[in-house]
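Taking the numbering used here, the leading residue of the sequence shown gets 52, the next gets one more, and so forth. What follows is a short report on a single structure.
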Amino acid sequence: MYLDSHCHLDRLDLTPFDHSLDKALQSARQNGVSGFLCVDIDLDNFAAVRQIAEAHPDIWCSAGVHPNAEFDTPLTAETLKALALSSPKVVAIGECGLDYYRGLDDRLLQLERFQTQLDVAVELDLPVIIHTREAREDTLLHLRRFAAQGGRGVLHCFTESLEMAQEAIEFGFMVSFSGIITFRNAQPLRDVVKALPLESLLIETDSPYLAPVPHRGKSNHPGWVVDVAACMADVKQVPPERVAQQTQDNFFRLFSRAQRAPA
Ligand SMILES: [Zn+2]
Ligand SMILES: [Zn+2]
């Protein structure tokens, strides 16, 4: 059974599923997907994310603010804490982090938001879901300090260097790979996957974004996490069942508040 460790279920294109989220989830379950972590991107969409998690025993959610999120509600530690404590289905803080890919104009706001969320994660003893793009030094600097305070988490949709992944694993983080590893031009990233220990890896779709081969160009959904797992198995030359089992164990080790759904 596979777990999709990062998806945005409130944003899926449900057209192929008769506009029904339940049908999309059913189709994923038929593909062998047994759990979903529905990730929040700002304070305004948290209610939708939590509602989806609360309606399904095999869905959990996070609370947090994406580095590029534009929204009106100001982010304070108190607001975020209240959201994170509002339901037992909240198992992580995020996605948060730093994204300098689109430019450095809002760098200070990003750094401030990031630190607030790391502080809340330490205080509530919750793992963090990290979004990081072209911000290697600043991300590692913050996470090293966070890890020294007992913090743990995952670098999601990883596309950075092997050195960065190894450093994060050294201070106890996991690294999650999306459908990007299936892309034809992604051999350097597959080399990163190959070099890292399976015990530190997670799989995700980041749906509705980043549909894996052979579905590229379509809107992504959690059922296609099996294509990410198949690619990872191929790269690591192990059976897909081994990737499924190990990434599932890793998921519950990291997101320890998530209860396994009854078989
Ligand atoms: Zn992200
Ligand atoms: Zn995401």
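All residues carry an ideal CB built from backbone N, CA and C; glycine is no exception. Remember, predicted model here, so these are calculated numbers, not experimental data.
query	result
Complete runs of the alpha helix (DSSP H) confined to the stretch 74-141 [at least 4 residues]	97-105, 128-135
Cβ-based neighbour list, residue 287, same chain, cut-off 8 angstroms, excluding 5 preceding and 5 following	244, 245, 249, 294
For residue 209 and residue 228, believed in contact at Cβ under 8 angstroms, the rounded distance	6 angstroms
Whether residue 112 touches residue 104 by CB criterion (8 angstroms)	yes
Neighbourhood of residue 91 by C-beta distance below 6 angstroms, restricted to the same chain and skipping five residues each side	97, 100, 113, 114, 115
Sequence-distant residues of its chain with Cβ nearer than 6 angstroms to residue 314 (five each side left out)	Note that residue 314 scores 49 on pLDDT, short of 50, meaning its location in the model is unreliable; the coordinates nonetheless yield the value given after this. For residue 314, where only same-chain residues beyond five positions count, there are no Cβ hits under 6 angstroms.
Meets three-Cβ-pair contact criterion under 8 angstroms: the stretch 173-186 and the stretch 273-286	no
For residue 276 and residue 308, the rounded distance between their alpha carbons	22 angstroms
Residue 243: CB within 7 angstroms of a non-hydrogen atom of ligand 2	no
Residue 59: CB within 7 angstroms of a non-hydrogen atom of ligand 1	no
Per DSSP, the bridge partner or partners of residue 143	113
Backbone secondary structure at residue 314 - three-state DSSP	For residue 314, the predicted model reports a pLDDT of 49, less than 50, meaning its position is unreliable; a value from the coordinates is still stated below. Three-state DSSP puts residue 314 in coil, outside helix and strand.
Nonlocal neighbours in the same chain, by C-beta distance under 7 angstroms from residue 310, ignoring five residues either side	none
Secondary structure of residue 63, DSSP reduced to three states	coil
Close-in-space but distant-in-sequence residues of the same chain around residue 65 (CB under 8 angstroms, 5 per side omitted)	71, 72, 74, 75
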